[in-house]
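Below: one structure, written as structure tokens.
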Amino acid sequence: ARKVSGIGLSHDQVLFREKASVAKIVPLRTGDSLGGRTAQLRHVPVPPNRFTPLKRNWSAISAPIVQTLRLQVRMNLKRRAVELRTCELTSDAGALARAADMLNAFLTGFSIDDALAMVRLEGIYIESFH
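Positions in the sequence shown are counted from 1; adding 1330 to them yields our numbering.
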């Protein structure tokens, strides 16, 4: 990628920004403010034995995170981790922690309904699996 003189951006970055400005979509950069806050990102590693159940139940797991907690979620196949990120629609300060706790509960072996209770109800924490 060649550098565009005077701007310090590559040619591909300039083209991407021109296309983004036409579509009125501007991608978040690290440190962009979201209503006075910066975007936060959390990675939840997926153990090998829970990768298949996570893929099977992805829609049941990701829908409450996106709709209830207003977070952005994606599965990073290369890192084998679920990535959670706040956005401008996220209003709850503890939403990122609640979503990570819910994912950890499911990845530990709890059922989907038990893990989703952590999103719906406040004050529920995992003490042990026994």
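Glycine residues also receive a C-beta, built at the ideal position from the N, C-alpha and C atoms. For clarity, every value in this text was computed on a predicted model and none was experimentally measured.
- Message: Determine whether the beta carbon atoms of residue 1384 and residue 1429 lie at a separation below 7 Å.
- Response: no
- Between the Cα of residue 1371 and those of 1446, 1450, 1420, 1452, spot the shortest distance and give me the residue it belongs to. 1420
- Query: Who are the Cβ neighbours of residue 1441 in its own chain at under 7 Å, not counting the five residues just before and after it?
  - Reply: none
- Task: Starting from residue 1411, trace the beta strand (DSSP E) both ways and give me its first and last residue.
- Result: 1411-1415
- Task: Throw me the rounded Cβ distance for the residue 1416 and residue 1449 pair, which I believe falls under 8 Å.
- Result: Not quite, the Cβ-Cβ distance comes to about 15 Å (not below 8 Å), so this is no contact.
- Candidates 1445, 1411, 1427: closest to residue 1382 by CA position: 1411
- For residue 1377, does the count of other Cβ atoms within 10 angstroms reach 16, so buried, or fall short, so exposed? exposed
- Item | Proximity of residue 1394 and residue 1437 at Cβ, strictly below 7 Å | no
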